[in-house]
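Numbering (the UniProt record's numbering), first residue to last: 1 to 80.
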Amino acid sequence: MLTDIFNSNYQCYGYRRLHAMLRHEGGRLSEKVVRRLMVEEQLVVSRNRRRCYSSYCGEIGPAPDNLIARDFKAEQPNQK
């Protein structure tokens, strides 16, 4: 019965949810017993890892040509 509930919910229910479902269906087991039965039956919840953020957008090309011919170089601070 425990494995049926676990497998019917895509192996995502932990001991707390399984305990609640068993209690809802009329079973009288404590959470510790449910945890022990899960260990004995090797019922392990499969967790999805979150993906890390990556701002990679592709290869960075060379700098574009200076078509406007602006002069951005200052000879002293606060000159431009």
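Even glycine gets a Cβ: it sits at the ideal position worked out from N, Cα and C.
Please read these numbers as outputs of a predicted model, since none were measured by experiment.
- By the Cβ rule, the segment 66 to 75 does not count as touching the segment 32 to 43, because fewer than three pairs are nearer than 8 Å.
- Per DSSP, the continuous alpha helix (DSSP H) segment holding Asn7 begins and ends at Leu2 to Ser8.
- Linking Arg49 to His24 through their CA atoms gives a straight-line distance of about 31 Å.
- The C-alpha of Thr3 lies about 11 Å from the C-alpha of Tyr13.
- In the assembly as shown, Leu67 is an exposed residue. Its beta-carbon has fewer than 16 other beta-carbons within 10 Å.
- If you keep only unbroken alpha helix (DSSP H) runs of at least 4 residues inside the segment 8 to 75, you get 15 to 24 and 31 to 40.
- In summary, Tyr56 is exposed, with fewer than 16 beta-carbon neighbours lying within 10 Å of its beta-carbon over all protein chains present.
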